[in-house]
Each structure stands twice: as structure tokens, then as C-alpha cells.
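Engineer: Got a structure for you, questions after.
Residue numbers (the working numbering), protein chains in the order written: chain A, 2 to 399; chain B, 2 to 399; chain C, 2 to 399; chain D, 2 to 399.
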């Protein structure tokens, strides 16, 4: 059986003009509706963030802006990944945008998982509410040391058979979306190998130990510490096939990285928009800041980085659309784009001076929000080593 | 009249062995007493931070750890700047350390100002409480656009004579230490030129508009927005001579940069200590993290950066001790050290992975705390241009 | 009148499969025929380089490998610029490759100029031999200080009318292709503005003062110092219209940069091929070099740089094919690609250790050959400032 | 038995004023006598370089400029290593300077070896002529793959006892100083372990296969490929003790790296002097080049790099003077200084534009000469891994 997701082999459904028009529409929605709702006081307030996100989602829907990545049968636009790259970027310009458009992690990849791996009953029960943004979900893989961090083989959470169900035990850490989730996809080690389970958070064996404070804000459901305490789940909690969880994780991450690239590009570009606007209105040392070559060079380098980042993201999306494996190119894009976007945000902050360090603009928030991208879904160092090994093992020509 | 501060031409007062012993003592104090009080919940809670700082200051005093930079007649150790570099670094390992030892900005340079520029009456009234940490002070120079940012010539706050006093009017922004300060040193444009005034914060013309949220935490008194509304001050509110405020600002900044280098080195080193400890206990991809060359290289580069940063800070401190102008070398050190420390903290975060993005260790806090150092006291770009100009104008040999 | 060259608006003429096949054929030709003729002893021997190039050109022609950028009516393949990007890269893998395929600078852009700007008589006389590689040509713009360097407005060579012809006077420096050229396109200041003239090198007013030794080798015709001493040329020596030379220069450079990106990518990739091969055969510190993470990371970063460089070059070529101005994107590509290729070659040298410093492989030659690309056709700093200015002046969104 | 060299624990012999005066004298000698003899035509002509070096050495001696590192009993100045750092830098400003002052590699460390490890007979015979510059010597460790490169444990050249002497067999590659050397110190594997032997190049078993062309020029004796073909040497050819060659190599390299830092700093500074001079005389885009911020920033960064490089070199020299092991700090300095100097030279080339790519100034020569410093005596990557390992194994605090 072929690996089931992220769903590959999509076709473009819009003409270039239609795609441009859609991007403009999303951009206007973000500028006019979403950005005015940005408010640092909800950065770490998960409930308030949920509330605002639901309101924005309703407004997006009212404007006809439905989840671009979902099939029309699910109420989406059915765009190809390459088209999504454009739209996700526009949504990503605000920390609230992906939630407003129903394309935020971890729900977006979780929906994909349910579509491709879940049983009809699971889909029946969870897919609708999740797609409509009525509930949220989590993805529970990472564990505290000495469990799984960058290396998925180190998983220590166990799943043992018990009657016709399973009992999960383990400790999970930094679980995105944990607080307020209706269910989680939990990665655990069954006797047959790493496997995925759908665990409802009302299960008495699911314990949300605490919310873990972190450098980034505006994360839907935050990052939670979880204990699975003899967590009994029924047989049909199993997602896909037993023992294939490692492959599923690889595929999920391959997609997840790419979608982060799309959304993150919007966020970094937004920081630079603010910075360009700031230096256009400010003087120093007898000249407008825009006349200082070191300011010009920071803007130039930001545009160059964004140019390369977009080309790379788009190229990997094209490969996904064409049904290619994106392991190698997606990994290269993840390293480049995550680092490029951090450089862009850093330059934006530097261009804004002390203002860029304050929270009077979102620039410092964006700087913080993008920093983990160099770590989440595989640290740059892990990818570099993996890319290098692949080059030598497979003799990849430069 | 020679420029009055930072106080130059100091002599070493400790033998190398005594200095080592003092550093060890400070380090132990920080490890045993200060670090256990670190608590993210007070990062932006100015009152709580004041409370903890006062308690720690008392404990430091009880252990004989008095402000290293102050003259023994003021209850300090009278160290040379080069000796201070070593002690400030040890204090700087915790965000609470400099406050605990009475060597935190902006009080430390404000005390220096009072010592050298204040009238006997000013000194009489303010110096003692400030030195003993009973009150805090602020330094009010920066203004919102189009006022003074990096370029001190753009000052727009005015000081006009009124009877035998002065009336100050203006708008200040990002004023370090503003909330809870007993007084501020205010930079304003008098008819004779830029001048400094001591303004009590109980003055009805002093308005603390708001606290400005920012990326860094644990700033004593935070960063405030201030309005001076027809703020009437007596004749003896003038600090030093009228019209010499620009020189004073230059000198103050030259010192301030250096002392930031000292404290910041401790903070960056602390982040790397935590990271080294973390990777020493963690495995990935079948090998301890310390056996991964990319981890080794991050540690190596951090040590190299810290090595260079310490040598440069120490060299500039030596020049200050010897009565040299540190304008050129201090500026070079500011650029190098601020960027090197940011690289060190960034690598520490990267080595810690997701943990480095959480607030379960202080690493992400340190990353945020050090980021503004590339901007405060002159952005790297401003310094680079100034250093370059000086090289060409004075024909400085490479 | 529309700008005349580089010829924009081209269409792809090959299917993807045909293009792949052509690239494979060029690659094999380069591997089997061209690379064996690489010989450091001819790096700076212009005559010998001409001789070898002519032999290789004949062999290429015999294999059906004709200049890819030329119209079939001129004996070429008539490829679109995007297709050329692929083929030029394959040709560029050897320092002798572009000459062998008839797509080396400065003849390639000079041919383009003649096609679009030359009079029928000029074309009649010069185009055929140049296209067939029987003669070489030069492009003479750069002057010694205080003349034109990066800034084309500083041109000091003059052209004054004399009877129905012109007299040129001036001093040119670092003129690519000068030694052995049959003619040069000379940029000079006429009363109506900067203009171009075709000057035959047999003209007694054309003096080749000397060959200028330089860091790069294998430059067809080297870099020459030229004096125009009362150099009388007929009326029809004028290329295009009088006074439009500045525009022509801009357009020429826009194309020239892009074609350098294409060829240079092949050269950098070649260095990395050699490096990958070397580390695959060598051990150090108890493990094959390919198992060292720092080696893996160098290879990974090289592949990432090449991936981005190719995407950017291809995207600018697409814009050229579609008739867009490439001023902005071409400038961004020039900065990024020239710096990326230098990083790739530097890593290749580093991976090869002392061997990379020797001339036992072409790696150090490639390192030297690519270094000037960060300067020729506009130094990175000049482009960064220009890109930044354009961003602020035109409000280019990030 | 304590490690025997480089000779540690030296004392300063000059007052600061005397040291300044000596540096000025060396600088003048270099400017007035040495630099005028720089001539690219001898860059790779070993005999001509020897001839010029001998002439310059005689002129240096006539001016009282004797080898600074040698004991007065040997005709030197007996400077401490820290003092040498200053003088070597001045000598290093020209590619011909170290030879002129008798402090060039590989003779300088070879003299040190003879002084500390050679038998009285060896010293008697070789030391005088070598010290006086009448002969040259080589150091033969590196081998072609799969022999010793960065990893000294991989040595394959063998030494077996034969009667009361030894027979050496092996293949050496990139042997500095090989052509024209009177003798070589050869590293080979004896049954008791790695050992050193003094081999006269007139020995019929010593074969200079060829001179290896390389990116750097002006290397005394070039880089040679050597075969030892049953090379019989007497018992007293052994240098130091049998089996201790690995320790000797470590110590030699520790010193060698430091002395390269000293000389290289002069060379990089020289390139920047030329660049500063060039941009001071040139205009572009309507302003003197020195008014362009990007030029100012390149100069500033060069001065910052040189500032840090000098402090680090001087600090390691101080540790050597004080008898400390410099393994760790010397390794950090090697990485930092070699990379910093390459950055400085690269910026100098960039500031000079096309002139920096030509050989009309020594800038491109210096760029090429410094490039291998990131590889010779341990590539940066090898040092980074070693520094990192040491940090983790010994728990070195950051």
C-alpha cells in the first residue's frame, strides 16, 4: 500500500488570474479584518485565542474564504499545493490568519490524516467538526528526554493490547495544540512497531499536566505536557495500520514542514512590510533612513531571501502536486526557508530599532514566532546531516 | 574642563588570586542564591522584580558582596574597570544578578553621573539612597519619531528658562527604568544646546504615559513612555553645564556599552552552560548528542565567540583604566560583543531543541534578553558606519 | 523604440524529455572531450586557449552541439533562455565548456548586440565569423580611476565627430577579451550622450597596452589595458543610435549577469562533484569522511545553495522569455547566485583539504575563477544598494 | 620528560617603547626594502624566490633586523612569543617579509626542533647554516590518501631498523619547503611508534617527484611530492626519542598555528591598507567611495576582525610565554584568526573591485595566500570538532 498522506498528485484548479484574485482577496481580509484583531494580550491565552479565531473563521466563511487545501466536498477550495503556497502565505501574514482560514497547524495536517488513514467511523465522528473549526486537535509525538525529540526512533510511549482495545502509557512533552483539544493523534510503540492512535481528551487516562510556556505565542492550543496513564482506547482508535506509524510520521513531517514554509513566508514578509514602512518615515544622521546604504542592504537581502524562499517552497509544492517524494527537496527547503525567514525577521527588527524590540508593532512577536521554525519539525542540524548522508549514500549529484 | 565620566584612569586593587576568589564568590552567590529566585512570572512585573532585587541585594550585602564599581567610601569595592569586567560577568550570569550586586543599568551609570556632574546638594539628596538600592532612577533620552533615536542630534524635548528655573516639554519613549523611578536624568534642548536635568518623578509635569511591552524581560523599571508637560524644575536641576549634554551623552554611552558587554557575556555563557549540560545528557540517532559533530561545532563556536568577546571587553576596560578615550575601540567592541553574544545564545537555544524554545530553562529568556543589545546604545549598523567613517577620516591603519 | 537586447520573449522549443536528453549529451561531451583538455598551463596563455577552444568547438559541432542560444538560421538551437539555463550550466562545468559550445562571454552577448543593433553592413561583415568562432571580440567599457567602474555614468572616453566619422580617445582597463580580438564594442561619450562603436583592433588608434594578470584564468582573450589614441572610425562604426549607449549597457549587463549565473552554476557544481568524490574515498579520525557531520553539512549546504541558485536563475530566465524587464529580479539573482556559487566552491575546496589548495584537481582553479563573479557586472554592494533604493522608491512589497 | 618544544616560558625582553620602536623599524624596512621587491613573476619560481630572499635577509641583517624569535646566542633577538607576535606581524605584511627576517615557515619551527630535540652532532652540522639562511629545510608529514592528512594517526610511511640505522619507505605529498631543501624532518612509523628522522635530500632514497602547483605563491621551497625509496639513514638521524613523534607533531603544530596567525595578520592588514587607500581616491555614483556606508561597513568589519585576531594571538602567545599548554586556546585562535583574516582579505578585494581581482596590486595574491590557512595545520572543521569534544569531555565551562 502506498503511503497515504500528505495527499500528493493534485492539479491546479485556478487560472493564474483567478489565483491572483484569490490572493488579493485573502490579503484584504487579513489587512482589514484579521490584523485589527491582533492583540498581544491573547498571545498566550488559549481560550481567548480560540474565541477570536472562531469569530474570524466565521467572517472568513462569510466572505467565501474557505479552507484552501480542503476538497470542495468538505467545504474547501481544493487547491493544488502550489496554489496553496500562495494562499497560505497570504493567510500567514497575521499570526491569526491561518486559524481564520482553517489552514493552521496542527488541525490542517490532522484533517489530512483522518482523510487518508482514519476508519469511516472515526471520520464520521471527528472530521466534520474539525473541518468546520468547531473543535481542535493535537498531535502527540515528542517526549521528554530520553524519549523522542528529533529522532523518531526513540519513542518510549507504549501501546499494549488489552482485550480488543489498547492501553497507552507514556509521557509527552511540547505537544502542540494540547490545551483545549477534543482529541489527539498519539504516537506510541506497539509490539508490531510505532503506531498511531486517536485519543479523546476526555479519556480518563489522558492527563494534561500543564501548559508549557514558550518563546512563540498565538499557538492554537499552546504546547502541553501530557501523561498517558493506563489510557485505554478501543480497537478502532488505531489510525491506519499497526506498526506503520514511523512512515506516517515521516510523511506527515514532510508535509508539515512545507506548510510551515508557506505560512512563515507571509509572517516574515509582514515584518519586513512594517520595517519598510517605518524606515520610509524616519530620519537619522541628516538623511532619511531609506537613504542609508546599510538600510537599503537589509531590505535588499530580505527581498532576496524571500525570493529564494518562495521559489523553493513553490518548487517543493509542485513536486508534491506531481506525486514525487519530497523527502530530499522538502528537507532542503525546510533548512533554507526556516533560516531565511529568521534572517528576514531579524533584519526587520533591526531596521525598526527600539520599536522593533517593543511590542508596539508585531515585529518582535514575529521574530519570536519564527525562531522555533529552525527547530520544530527537525532542527536545521538534523536536516543538514540527513541531507548530507543521503547525498553520499545515494550519490546525489550536486 | 575634561569630560567628567565614565570615570577613567583606575588602578587594579586586587591581586590576580584575590580577583579569582572574588569571582568564585560571586559565582557561588549567583548559583546558590540568585538563580533559584529566577521566575518568569516576574519578568514583566516591575514591582515584583523590585521586591526580589531588594531581597537579593540584602543577601549579597550580608555576604560582603558590595557594588564592585563603587568607591569604598560609597560602600563599594573600588575595582578597576578591567577587574569589574570579570565581576560584572559573574553577576550577569543571572538576569537578577546585576541588580543583586548593585551594578545594573540604568542606576550604575546614573550613579556615575551624579558623582561627577551633580551639585553637592543633588549628590547629598540622591546619591546615598541610589547607591544603597533604596530607590531607582531612569535615563530619559530616546524620543518617538521624529525625535532622537540612534542620532542624538535629533532631540526635540525642549528646556526653556523660566524665572531662575527651567520648564521642560517633550515626549520620551522607551525610557529604561521609568516605572517606579524616584528621579530621571532628562536630556533636553536648551537655548545653549543639549543639556541634562534631574527631574523628580513626583513632579506634576512628569507623566508616565504607560509601560511599553518589549521582547526582553527583567528590566528594572521596564521601558516607559513619558511626557514632560510644562515640567518646571529648579535651577539646580541642571546636571553639569548647560549645553554640554551631547558630550555627556557620548561619554555615558561609551561606558554603558562596555558595561553591557560585561554583563551580557555572563548571560550568554549561562545559556551555553545550560546547553552543554543538556546535550551531555541526551541522545539522538544512536549516539549521545555530544558525539554529533554539529553539536561539537556549535559549542566550539560559542567558546570561540566568548573568548574573543572577553578579550575585547577586557582590552577596552584596560584602555578606560589607563585614561584613554574608548570611542573607537569601545564602538568596535560593542558591535562584536553584542553580535557574538547573540550568536552564543542562539546556538544554546538550538542545542536545546524544543526545550530551548520553552521557558522550562532560561535559555529562551536569555535569547530574548540579549537580542536588543544589537540595537540599544547604538545599533550595529550605526556603529559600523561610524567606525568606517572614523577610519577614513583619521586614516586609521588596519 | 523598444530596448533592443537581450532578445526577450522567447519560447521553449524542446519538450522536457528532449531538453533532458540534450543536457545529457552536453554533459557527456564535457566529461569525455572537454575536461580531458583542461590544463593549467593554458590558463593564462591566450593563444593556446584559443587553439584548444577552436579544436573543441569543432568537435562539439561534429557532435551536433551548436550554440544553444543562437537562432537556427545562424546555426544554433534557438532555445528559450530558460532552456539555455540548463544547457549553459552543463557547458559551464568545465572552464573550457562555454567556448566549446559557442556560448562564452564576451562573444555571446556581442553576437546578441550585432543581431539587434548593428547595421546590415556590420552584421554582414562580423556576424558570421564571430558566430562560427573564427574570430573573437571584446567589450570595452571599464576605465581606470577616475573613469567608469561600477558606475556607468563616469565614462571618460570621448567620441567626437570628425568629417562623417568619429574620433575616439580614452583609456580602458580590464577589457575582457581584448587580446586577440578582431574588434571591440567600445563605449564612449559622444556629445549626444554615451554611445557604442565597433572598433577594429587593426585600427592604428587602438592600442593594446598590456594583458592584465588576474586571479581568474581561462578567460578568452584575457583582460586587457587599452588606449584609444585619436582612434578614427567611419560613420557606420556607430552601433545602434547615438546617445543610447547607457541604456544598451544596462540591458547588456542585465543579460550578461544571468548568463554568468547559468555557466557559473555548472562550474561550482563541478567543484562539488570533485569534492563529493574525494570525501567518498577518504578516511580521517577513524571514520570515512562522509560519516563526519561537518562534511555532511558542507555538502548539504552546497546542494541547498545550488538548488536556490538554479531556481532563481531559471525564474529570471523565464521572465526574460516572457518579455519582462529583469532589472530587479536579475539584480537579486546576480547577488544571490554569485555569492552562493562562491560558497559552494569554497566548501568544495575545504572538503578536499590540501588537495583543494593544490592544482591537482580543478577545485582551486574554480575557486579563483568564480571569485570575480561577486564583482564583475556590478559588485554585490552596488546591487544591494540599487535593489534597496528601488524597493523604497517604488514601494516594492516584500 | 616534559614536552620539548615549542620553547615555552619566555620573558619579555623589551620595554613597550622599545618594542614599538622595533616594530616601526621592521615596518619601514618592509615598506622601503621588501615590498619594492615583490614581483608576481617569482611567486612560483622557487629559485628566484630563494635568491631574492637571501638578498633581503642580508639587507635586514645590515639594518640590525635579526630573527626575532632566536636566542641572541644564535644571532637573534630572544623576544618573548608575545613580543614576536608584534614583530612577526610587521614582517608578515609582505609575502617576502618573514623570509627576509628569518622567521618564515618551515625553517622557523625546524630550527626550534633542532634546538630542542636534535643531537649535538645534528645541531652542530645543520643549525648554523639554517639559522643564517644559507640552507633551507622541509617538514615531511602529510601523505596522499589513504595516508596522513588532518589525522596524524594515519601515517603510512615506515621506518624499520637496519643494522644500526633505519630504512624509510613511503610517499609524502604537499611537503612544504621540499624543493631546494638541504634536509627534511620526516615523520614515519617505527615499530615503537611514530618517530622523526632527519633526512638529507642528497640521500639517494629521497626522491623529489615533482613540485605541486597550488593556489598560494611565495612559499619557500613550494610544496613537493616526495618518495622515500628504501631511504637508509644512520642511527643519529633519529630526532628526539623513538615513538614520540606523535607528541612532537602535536606540539609543533600548536606553535606553527600561532606563528601563522602572527604573520597572516600582517598580510591581511596589508590588503586592507591597500583597499583603504584605493577607496580613499575613488568615486562612484556621485560620492567618494569612502562615503558609501557599505564601504564603511567593510572597513569597520575588517578592523573589528583584526582587533579580535590580534587580541587572541597575543593572548595565546602570552600563555606560551607563561609555560601553559596552548592546545585548547591555540586551537580556538587558529580557527578564529584564519577565518577572520580570510574575511579581511576578501573584503579588501571586494573594496578594490576589478583592481582587487587583477594582479596590479597584491590584494588578490594575498587572498590566495591566506586561503589555505583555513586548511593547513588542521582544517577549521577538524579544530571545531576537537574543541567541541574537549569541551564535553573535560567539562570546559563556557
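For glycine and all other residues, C-beta sits at the position ideal for the given N, C-alpha and C.
Is the Cβ of residue 340 of chain D closer than 7 Å to any Cβ of chain B?
Structural biologist: Residue 340 of chain D does not count as touching chain B.
Engineer: I think residue 321 of chain B touches residue 259 of chain B, with their Cβ atoms under 8 Å apart; what is that distance to the nearest whole Å?
Structural biologist: That belief holds up - the Cβ atoms of residue 321 of chain B and residue 259 of chain B are roughly 7 Å apart, short of 8 Å.
Engineer: Just mark residue 315 of chain D as buried or exposed, buried being the case when its beta carbon has 16 or more other beta carbons within 10 Å.
Structural biologist: Its Cβ being crowded by 16 or more others within 10 Å, residue 315 of chain D is buried.
Engineer: Give a yes or no on contact between the region 255-275 of chain C and the region 356-375 of chain C, applying the rule of three or more CB pairs nearer than 8 Å.
Structural biologist: The answer is yes - the region 356-375 of chain C touches the region 255-275 of chain C, with three or more Cβ pairs under 8 Å.
Engineer: Following the continuous alpha helix (DSSP H) through residue 163 of chain B, name the residue where it begins and the one where it ends.
Structural biologist: Element bounds for residue 163 of chain B: not the alpha helix (DSSP H) but the beta strand (DSSP E), 159-163.
Engineer: Give the list of continuous alpha helix (DSSP H) stretches no shorter than 4 residues that lie fully inside the region 285-346 of chain B.
Structural biologist: Counting only runs of 4 or more, we get 294-322.
Engineer: Specify the secondary structure class of residue 1 of chain D as computed by DSSP and reduced to three states.
Structural biologist: Chain D is shown only over 2 to 399; residue 1 of chain D falls outside these bounds and no answer can be derived.
Engineer: List, from N- to C-terminal side, the alpha helix (DSSP H) runs of 4 residues or more that fit wholly inside the region 109-178 of chain D.
Structural biologist: Taking only runs of at least 4 residues, the alpha helix (DSSP H) segments lying wholly in the region 109-178 of chain D are 129-132.
Engineer: Closest Cβ-Cβ distance between residue 400 of chain D and chain B: below 7 Å?
Structural biologist: Any question about residue 400 of chain D goes unanswered here, given that chain D covers just 2 to 399.
Engineer: Determine the DSSP secondary structure at residue 261 of chain A, reduced to helix, strand or coil.
Structural biologist: Helix, per DSSP.
Engineer: Quick check: the Cα distance between residue 299 of chain D and residue 291 of chain D, rounded to an integer number of angstroms?
Structural biologist: Residue 299 of chain D and residue 291 of chain D: Cα-Cα distance of roughly 10 Å.
Engineer: From residue 95 of chain D to residue 140 of chain C, what does the alpha carbon distance come to, in whole angstroms?
Structural biologist: The straight-line gap from Cα to Cα measures roughly 35 Å.
Engineer: 7 Å is my cut-off, CB to CB: does residue 188 of chain A come that close to chain C?
Structural biologist: It does not; no Cβ of chain C falls within 7 Å.
Engineer: Under the rule that 16 or more other beta-carbon atoms within 10 Å means buried, what is residue 122 of chain D, buried or exposed?
Structural biologist: It is exposed - the Cβ of residue 122 of chain D has fewer than 16 other Cβ atoms within 10 Å.
Engineer: For a quick check, are the C-beta atoms of residue 91 of chain B and residue 188 of chain B less than 7 Å apart?
Structural biologist: Contact: no.
Engineer: Going by other Cβ atoms of all chains shown within 10 Å of its Cβ, with 16 needed for buried, is residue 236 of chain A buried or exposed?
Structural biologist: With fewer than 16 Cβ atoms within 10 Å of its Cβ, residue 236 of chain A is classed as exposed.
Engineer: Of the residues D/220, D/232, D/38, D/192, which one's Cα is nearest the Cα of residue 200 of chain D?
Structural biologist: Comparing Cα-Cα distances from residue 200 of chain D to each of D/220, D/232, D/38, D/192, the minimum goes to D/232.
Engineer: Listed from N- to C-terminal order along the chain, which residues in the region 297-329 of chain B have their beta-carbon within a distance smaller than 8 Å of any beta-carbon of chain D?
Structural biologist: If the cut-off is 8 Å between Cβ atoms, the region 297-329 of chain B has 297, 298, 299, 300, 301, 302, 303, 304, 305, 307, 308, 309, 312, 313, 316 near chain D.
Engineer: Would DSSP call residue 384 of chain C helix, strand or coil?
Structural biologist: Looking at residue 384 of chain C - three-state DSSP - the assignment turns out to be helix.
Engineer: Let me know the secondary structure DSSP gives residue 88 of chain D once reduced to three states.
Structural biologist: DSSP places residue 88 of chain D in helix when its eight states are reduced to three.
Engineer: Strictly by DSSP, which residues pair up with residue 232 of chain B?
Structural biologist: Residue 232 of chain B is bridged to B/169.
Engineer: Under DSSP, the alpha helix (DSSP H) around residue 30 of chain D begins and ends at which residues?
Structural biologist: Here the alpha helix (DSSP H) through residue 30 of chain D covers 17-30.
Engineer: Does any residue of chain A have a CB that is nearer than 7 Å to the CB of residue 2 of chain B?
Structural biologist: For residue 2 of chain B, the pLDDT reaches just 38, beneath the cut-off of 50, and the residue's location in the model is therefore unreliable, although a value from the coordinates is still provided. Cβ-Cβ to chain A under 7 Å: no for residue 2 of chain B.
Engineer: Hey, how far is the Cα of residue 68 of chain D from the Cα of residue 101 of chain C?
Structural biologist: Spanning the two alpha carbons is a distance of roughly 53 Å.
Engineer: Between residue 255 of chain D and residue 217 of chain D, what straight-line distance do the alpha-carbon atoms span, to the nearest angstrom?
Structural biologist: Approximately 22 Å between the Cα atoms of the pair.
Engineer: So what does DSSP say about residue 73 of chain A, is it helix, strand or coil?
Structural biologist: Helix.
Engineer: Using a 10 Å radius around the Cβ and a threshold of 16 neighbouring Cβ atoms, would you call residue 265 of chain C buried or exposed?
Structural biologist: Buried, because 16 or more other Cβ atoms sit within 10 Å of the Cβ of residue 265 of chain C.
Engineer: Applying a beta-carbon distance threshold of less than 9 Å, which residues of chain A neighbour residue 277 of chain C?
Structural biologist: Here the neighbours are 392, 393, 396, 397, 398, 399.
Engineer: Taking C-beta pairs closer than 9 Å, name the residues in chain B that residue 29 of chain A reaches, listed in chain order.
Structural biologist: In chain order: nothing, as chain B lies at least about 28 Å away.
Engineer: With DSSP collapsed to three states, give me the class of residue 50 of chain A.
Structural biologist: Note: residue 50 of chain A maps to helix in three-state DSSP.
Engineer: Comparing the C-beta of residue 227 of chain C with each C-beta of chain A, is any distance below 7 Å?
Structural biologist: No - not a single Cβ of chain A is within 7 Å of the one on residue 227 of chain C.
Engineer: Please report whether the beta-carbon of residue 295 of chain D lies at a distance below 7 Å from any beta-carbon of chain C.
Structural biologist: Closer than 7 Å: yes.
Engineer: Along chain D, which residues have their Cβ under 7 Å away from the Cβ of residue 274 of chain B?
Structural biologist: In chain order: 398, 399.
Engineer: So which residues of chain A does residue 351 of chain B contact, with C-beta pairs closer than 9 Å?
Structural biologist: Per Cβ cutoff of 9 Å: 375, 376, 380, 381, 382.
Engineer: Starting from residue 98 of chain B, trace the alpha helix (DSSP H) in both directions and tell me its first and last residue.
Structural biologist: That run of the alpha helix (DSSP H) goes 98-102.
Engineer: What does the alpha-carbon distance come out to for the pair residue 156 of chain C and residue 293 of chain D?
Structural biologist: Approximately 20 Å, taken between the alpha carbons.
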